[in-house]
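Q: Numbering-wise (numbering that gives the first Met the number 0), the first sequence opens with residue 0 and increments by one. The C-beta atom is built at its ideal place from N, Cα and C for all residues, glycine as well. So that we are looking at the same thing, I have put the structure below in structure tokens.
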Amino acid sequence: MNARPDFPSYLAEMKWRGFFEQCTDEAALAELMAAGPVTGYAGFDPTADSLHIGSLVPIMGLLHLQRHGHRPIAIVGGGTAMVGDPSGKTELRRLLTVDDIDRNLAGIRAQLGRFLRLGDGPGDGLMVDNGDWLRDKSYIDFLRDVGRHFSVNQMLARDSVKTRMETGLSFLEFNYMILQAYDFLVLNRDHGCRLQVGGSDQWGNICSGIDLCRRLGRAEVYGLTYPLIMTAAGEKMGKTAAGAVWLDADRTSPYDFFQYWVNVDDRDVGRFLRLYTLLPPVRVQELEALQGADSRQAKQVLALEVTALVHGAEAAQAALAAARAAFGGGGDAASIPASVHTAADLAADGLALIDVLVSAGLVESKGEARRLVRQGGVRVNGEAVADEQRRLVAADVQDGRIVLQLGKKRHHHLRIEG
RNA sequence: GGGGGGGUUCCCGAGCGGUCAAAGGGAACAGACUGUAAAUCUGUCGGCGGACGCCUUCGGAGGUUCGAAUCCUCCCCCCCCCA
């Protein structure tokens, strides 16, 4: 299979882009994929009603799979979420209620659907929910059908279990790997799936699935893991002051999403261009060659590409325009986060700046707002505010809005209507 | 079941009757420097009030005391050792 001009194969592209960490039998998998379309899957946990940046890597992994003519399956864990994956965790997370899970599933499915071409045609992707085959499974049946193929001795040797021997691991979580292994079996049986892709913390779970398929005499299946992506500063992706960077526009506006990528560490630009965009190697290498201040151009391309992928080309352009407006250089400010007020609000004494900062959600408390002003971190229409008592009045309105800046990077507009 | 250790502010981690909103570090935020980067330096970093002020916090609930994160009682959770 070679539907792409830039790379001889899916695996070659995964390697070049930095998705390739470990593979169960690379040579055999390469051979299989060269022979014809292969069905592969990646899982997504419904732990929130939106995916965040961290899920972008498996999403891109599936996307590349499809672009190379193979068939991607996105599986959402409506069943496994009932149990909770202990991998990479030091203690049991709060159990989600069934209602939570179902709500989260709906949100996540809608998002995933935007990235992959789903359908019944050749190469069309599939989206499935393991809740469909896990939730109603009878315990005794499951133990007899699946449980008998698992060795507790081997399970205890798994890293995800070993690391929990000190702090404790509930029997509930201990079962997780079996459920995930069963998923692979089901997907293989029902959809001919031969490959599972996941983060390196999923290696154990993936191997369990491969083992199970082998024990039941299925055709050989394969696993591929990508590295856990960290920033150059050693942090998990997507950590910001405001919390996680979500893929949902209501949780993280396209403008803020765009800004996240523009503000990426210099050292991360090249790596991220490879991982999170579909740009061809020549273009990526061109951008990687930009050094020093010029790397801002590369970051802008990165931001534009990723934002377009997640929110659409139009939203990405609007975010770019807004960023230009906010950081000088013209542009259209329409997409800068804004809150709406009426002219009446500003009549007479107007509004206390401190209160506005709080109500707009820019700071968490008045104390923080005051502190910010005291430190010279707040600007109104570009002018630093020195007075904590500063009030916003009609005279502050310019072109129907008041421009607030917090620090050097955060911008917020008050749109005045009426 | 028996014995020992422990649960402190976002995280790690001191404190062990008043001077504790609680050392130190990390994270975070602001300022300087810069390139909407990194590093560095400075400052801030529970809430409310303009301020010497008030309120809430040290696993939970009571109690002792003029006064408790610090002492006592009961309870919950975690770790270690023995059975």
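1. Does L104 pass the burial test, meaning 16 or more other C-beta atoms within 10 Å, or should it be called exposed?
2. Can you tell me whether E387 is helix, strand or coil according to DSSP?
3. Taking the continuous alpha helix (DSSP H) assigned at M126, which residues delimit it?
4. Does the structure place the stretch 326-340 close enough to the stretch 363-383 that three or more beta carbon pairs sit under 8 angstroms?
5. In three-state terms, what does DSSP make of H410?
6. At what residue ranges does the stretch 7-62 contain a whole run of the alpha helix (DSSP H), taking only runs of 4 or more?
7. Does the beta-carbon distance from V244 to H411 come in below 7 angstroms?
8. Spatial neighbours of N187 within its chain, please: C-beta separation below 8 angstroms, excluding the five flanking residues on both sides.
9. Going by beta carbon distance, what residues of the same chain come within less than 7 angstroms of G17, once the five residues before and after it are set aside?
10. Reducing DSSP to helix, strand and coil, say where K235 ends up.
11. Kindly indicate which residue of L10, P36 and W15 has the alpha-carbon position closest to the one of A26.
12. How is the alpha helix (DSSP H) around G269 delimited, first residue to last?
13. First and last residue of the alpha helix (DSSP H) that includes Y308?
14. If contact is defined by three or more beta carbon pairs under 8 angstroms, each pair taking one atom from either stretch, is the stretch 33-43 in contact with the stretch 190-206?
15. Rounded to the nearest angstrom, what separates K235 and V392 at their Cα positions?
16. What's the gap between the Cα of D117 and the Cα of G78?
17. What are the boundary residues of the beta strand (DSSP E) that R70 is part of?
18. Taking 7 angstroms as the cut-off, decide whether the C-beta atoms of D44 and A80 are in contact.
19. When burial is assigned at 16 or more other CB atoms within 10 Å of the CB, is F170 buried or exposed?
20. With burial defined as no fewer than 16 other Cβ atoms inside 10 Å of the residue's Cβ, what is the status of K161: buried or exposed?
21. Here's the rule I'm using: 16 or more other beta-carbon atoms within 10 Å means buried, otherwise exposed. How should Y181 be labelled?
22. Quick check: what's the CA-CA separation for P336 versus F6?
23. Which residue spans inside the stretch 120-162 form an unbroken beta strand (DSSP E) run of at least 3?
A: Reading from the atomic positions:
1. buried
2. coil
3. No alpha helix (DSSP H) contains M126, which is instead part of the beta strand (DSSP E) from L125 to D128.
4. Contact between the stretch 363-383 and the stretch 326-340 is absent: fewer than three C-beta pairs spanning the two stretches fall below 8 angstroms.
5. strand
6. 9-16 and 25-34
7. Contact: no.
8. R193, C212, R217, A218 and V220
9. R270, R273 and L274
10. strand
11. L10
12. V268 to Y275
13. Just to set this straight, residue 308 is Leu in the shown sequence, not Tyr. S294 to H310 is the extent of the alpha helix (DSSP H) around L308.
14. yes
15. 42 angstroms
16. Reading off the sequence, residue 117 comes out as Leu, not Asp. Straight-line Cα distance between these residues: approximately 22 angstroms.
17. R70 to V75
18. yes
19. exposed
20. So K161 counts as exposed.
21. buried
22. If you draw a straight line from the Cα of P336 to the Cα of F6, it is about 40 angstroms long.
23. Qualifying beta strand (DSSP E) stretches, in chain order: 125-128.
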